[in-house]
Amino acid sequence: MRTKVLVIEDNEQNLYLTTFLLESAGLEVIQARDGRKGIDAAHRLTPDLILLDIQLPSMDGYAVARELRKDARLVHIHIVAVTSYAMLGDRDKAMKAGCTGYIEKPINPETFLDDIAHYLPPATRSKGAGNE
Ligand code: MN
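First residue of the sequence shown? That's 43 in my numbering, and the numbers climb one at a time after it.
Pasting the structure below:
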């Protein structure tokens, strides 16, 4: 079974870029454009990793992370906050909400896969992105 990454992101360009990069590395991508849809997808599909935009409409990423951590099946998976807020406090806030990692926007296509590599399950990591 392929490694599933749930991307919760409301910005189409970021969603497109992130999806493109993850799929080029052989990962399966599940897209959600708001927090509620993201939570529903996480409950249904138990992804291996969640990339979570913090600035989302109606329900922000912090609230989404807190909600995700209530599901026992999702307790051990990495939730990586993706945010353009360049403030130090946001990292702490994301971690307190249940995120285990943090990457900053704008997404750098050159480093993105390396940045998230250590949040992926070990089997995926060892295969790397070299099978295209
Ligand atoms: Mn956003």
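Each residue gets a CB set at the ideal place from its N, CA and C atoms; glycine is no exception.
What does the alpha-carbon distance come out to for the pair residue i and residue j?
i    : j    : result
K135 : Y104 : 7 Å
I158 : S100 : 26 Å
I121 : I92  : 5 Å
I151 : H118 : This sequence places Pro at residue 151; Ile is not what is there. Near 27 Å, if we compare the C-alpha coordinates of H118 and P151.
T45  : L130 : 31 Å
T61  : A165 : 20 Å
M43  : D90  : 11 Å
F154 : V124 : 11 Å
What does DSSP give as the partner residue(s) for residue i in the beta ladder?
i    : result
V106 : For V106, which the question treats as bridged, DSSP gives no partner whatsoever.
T125 : E146
H120 : L91
K46  : E70
Assuming residue i contacts residue j (C-beta within less than 8 Å), just tell me the rounded distance between them.
i    : j    : result
A107 : A139 : 4 Å
Unbroken stretches of the beta strand (DSSP E), 3 residues or longer, contained in the segment 58-97: 70-74, 91-95
Q.
As a quick check of your reading: which residues have a C-beta less than 6 Å from at least one non-hydrogen atom of the ligand MN, in chain order?
A. D52, N53, D95, Q97, L98
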